[in-house]
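Protein chains in written order, with my numbering: chain A, 1 to 100; chain B, 1001 to 1169. Notes for the one structure printed next.
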Amino acid sequence: MLPVQYYLALAVILFIIGALGVLIRRNAIVVFMSVELMLNAANLAFVAYARFWQSMHGQIFVFFIITVAAAEVAIGLALIVTIFRTKASIDVDQISTLKG
Amino acid sequence: MTPQLLLFIVLALVAIASALGMLVSRNAIYSALFLVLNFATIAVFFLLLDAPFIAIAQISVYTGAIMVLFLFVIMLLGAERAGLVQAIRWQLPLAIALAIILMLEAGYILLGQRGVVPLVTTPLPQDFGSPAQVGTTLFTGYLLPFEITSVLLLVAMIGAIVLTVKEKR
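This is how it looks when you write it as structure tokens:
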């Protein structure tokens, strides 16, 4: 196996790209996809360490993360569809009705 | 250079390039397709790390189900494009500066670990990461979380239906 730091470095880079996507994109769907990218970076780190310690527990955690991500996507996309119906836009800067 | 390292470098470049492609494409459909490519390369990384079951789950759940759902919603709403002009003007440079700082911190920590974490040389057990072993661990040590997950999925399903159903006036 390659040193675990290689995988960690890749996971860090992917996570930071995802975080940048959340910060700079305005399309709510792309923001959401960036969140998925961050979750995947975490999964990669989990599996790398599971291989490193030769323990199955990291892989089980990834299994749960995938399940939670699926639930999150179902709810999040339903929210986006509802917001689009009321505001006719999914620009995150325009969702500011609660702003005082 | 070993074949494994070569494969790692090529796949890592593909993963980073597709993630950046997702970040900068203006059309949300291109973003989604770049993300599919990224998830596929991560599945190959899982195979390299002796996690075949997780790799297949990644392909079928992420690239299969979740991204199809994304594409469906993008095409349903017809909202591929959103302008790139920010409401807060200093948001973009600030975000990039913060990302660079985070990257430097992570690099500092990773480089500081060099030589401290030993290389693994002990051979893996034969069935590491096989579906049988995933199942055994899941249904012995993690039975309660597994059951809670089923409730979570049910709640998500009901929630999605309740949110999108049209109210009758």
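Just so you know, even glycine gets a beta-carbon here, dropped at the ideal spot from N, CA and C.
Residue of the options minimising C-alpha distance to residue i
i: Gly1159/B; options: Ala74/A, Val92/A, Lys87/A and Leu23/A; result: Ala74/A
i: Ile1059/B; options: Gln1091/B, Ala1043/B and Leu1124/B; result: Ala1043/B
i: Thr1041/B; options: Pro1145/B, Met1157/B and Leu1013/B; result: Leu1013/B
i: Leu2/A; options: Ile13/A, Gln94/A and Phe52/A; result: Phe52/A
i: Ala50/A; options: Thr1140/B, Leu1143/B and Val1134/B; result: Val1134/B
i: Ser55/A; options: Thr1136/B, Glu1167/B and Leu1069/B; result: Thr1136/B
Near the ligand ZN: residue i beta-carbon under 6 Å from a heavy atom
i: Val1165/B; result: As far as ligands go, the structure on display features none, and thus does not contain the ligand ZN.
Any C-beta of chain B under 7 Å from that of residue i
i: Gly56/A; result: Here residue 56/A turns out to be Met, not Gly, going by the sequence shown. At least one chain B Cβ lies under 7 Å of Met56/A.
i: Leu44/A; result: yes
i: Ile95/A; result: no
i: Thr86/A; result: no
i: Ile83/A; result: no
i: Val62/A; result: yes
i: Met33/A; result: yes
i: Ile29/A; result: yes
Alpha carbon of residue i to alpha carbon of residue j, nearest angstrom
i: Gly18/A; j: His57/A; result: 25 Å
i: Ala952/B; j: Ala1099/B; result: Because chain B in this structure spans residues 1001 to 1169, residue 952/B falls outside the shown range and cannot be described.
i: Leu1037/B; j: Asn1027/B; result: 16 Å
i: Val68/A; j: Leu1152/B; result: 8 Å
i: Leu8/A; j: Leu1005/B; result: 15 Å
i: Asn40/A; j: Ala1015/B; result: 11 Å
i: Ser1025/B; j: Arg26/A; result: 12 Å
i: Phe63/A; j: Ile1054/B; result: 7 Å
i: Ile80/A; j: Val1165/B; result: 13 Å
i: Ala1097/B; j: Pro1123/B; result: 43 Å
i: Ile1074/B; j: Ser89/A; result: 12 Å
i: Ala78/A; j: Val1155/B; result: 13 Å
i: Ala11/A; j: Ile1056/B; result: 19 Å
i: Ala28/A; j: Leu1071/B; result: 13 Å
i: Ser96/A; j: Ile1088/B; result: 13 Å
i: Gln118/A; j: Gly1112/B; result: For chain A, the structure presents residues 1 to 100; residue 118/A sits outside this window and is missing.
i: Tyr1108/B; j: Ile1101/B; result: 11 Å
i: Tyr1142/B; j: Ser1150/B; result: 13 Å
Within-7 Å CB hit, residue i to chain C
i: Gln1133/B; result: Looking at the structure shown, chain C is missing, and the protein chains on hand are A and B.
C-beta atoms of residue i and residue j nearer than 7 Å
i: Leu1138/B; j: Ile60/A; result: yes
i: Met1103/B; j: Ile16/A; result: yes
i: Val4/A; j: Ala48/A; result: yes
i: Thr82/A; j: Leu1163/B; result: yes
i: Phe1045/B; j: Thr1063/B; result: no
i: Ala1095/B; j: Leu14/A; result: no
i: Leu1011/B; j: Met1022/B; result: no
i: Phe84/A; j: Leu1144/B; result: no
Cβ of residue i within 7 Å of any chain A Cβ
i: Ser1018/B; result: no
i: Met1075/B; result: no
i: Ser1130/B; result: no
i: Ala1160/B; result: yes
i: Val1024/B; result: no
i: Tyr1142/B; result: yes
i: Ser1031/B; result: yes
> Touching or not, the segment 1030 to 1037 of chain B and the segment 32 to 43 of chain A, by the rule of three or more beta carbon pairs under 8 Å?
Replying inline: With a cut-off of 8 Å, the segment 32 to 43 of chain A and the segment 1030 to 1037 of chain B count as touching, because enough Cβ pairs lie within range.
>> With three or more beta-carbon pairs closer than 8 Å as the criterion, would you say the segment 1047 to 1058 of chain B touches the segment 1123 to 1133 of chain B?
In response: Three or more beta-carbon pairs drawn from the segment 1047 to 1058 of chain B and the segment 1123 to 1133 of chain B are found closer than 8 Å, and the two stretches are therefore classed as touching.
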